[in-house]
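Trainee: First, the structure itself, so that you have it in front of you.
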Amino acid sequence: MISKTAIFERSAMSDTPHPPRRTFHKSSDDTGFDSAVESLEKSLWAPIERYFAATEDEQDVIALMLANIRAPSTRREYQKDLRKFFVAMTGCEPNIDSVLEFLHLTEKRAVAVVLKYKALLLAQ
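Reminder that position 1 of the sequence shown reads as 133 in our numbering, one-by-one numbering, no gaps.
This is the structure in structure tokens:
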């Protein structure tokens, strides 16, 4: 009986040529590589709103959402509820950054945040 280790040993099939191991040229001058890395790092910090940047009146997402509600009393209540949500979950008043961060959460994470807020409300 042939053992499994004997089959997988490098010399097990001595009649089969093994390709030589690849060696990579190490250059003392890596300026091409360094410039590529630098270029990639710069692109990470580049603004992503190059073509679709929000205008000043589009910055406040909550105001845009509330503007579509006709009844003033409903608009006020929604505004209060959104403020309470952001203050409870972020510790600060809703602002452009916190609202956009919430809107960029994955659906799963957003639902988890809302359920956590619901638990806070039920505990009161």
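Don't be surprised by glycine CBs; every beta carbon is placed ideally from N, CA and C.
This structure is a prediction, so every number in the text was calculated from the model and none was measured.
Evaluate P204 with the Cβ neighbour count: other Cβ atoms within 10 Å of its Cβ, from every protein chain shown; 16 or more gives buried, anything less gives exposed.
Mentor: Counting from 1 along the sequence shown, the entry for residue 204 is found at position 72. By the 10 Å Cβ count, P204 comes out exposed.
Trainee: Return the first residue and the last residue of the alpha helix (DSSP H) that P204 is part of.
Mentor: Along the sequence shown, read from residue 1 onward, the residue named residue 204 stands at position 72. Note, P204: alpha helix (DSSP H), P204 to T222.
Trainee: Which stretch, first to last residue, makes up the alpha helix (DSSP H) that contains L232?
Mentor: Reading the sequence shown from its first residue, position 100 is the one you call residue 232. L232 -> alpha helix (DSSP H) spans I228 to L235.
Trainee: Rounding to the nearest angstrom, what Cα-Cα distance links M197 and E173 in this structure?
Mentor: Numbered from its first residue, the sequence shown carries residue 197 at position 65. Numbered from its first residue, the sequence shown carries residue 173 at position 41. C-alpha separation (whole angstroms): 36 Å.
Trainee: Using the Cβ count rule (16 or more neighbours within 10 Å means buried), how would you classify F165?
Mentor: Within the sequence shown, the letter at position 33 stands for residue 165. Under this definition F165 is an exposed residue.
Trainee: Leaving out five residues before and five after D229 in sequence, what residues of the same chain have Cβ atoms less than 8 Å from its Cβ?
Mentor: Counting from one through the sequence shown, the residue named residue 229 turns up at place 97. None.
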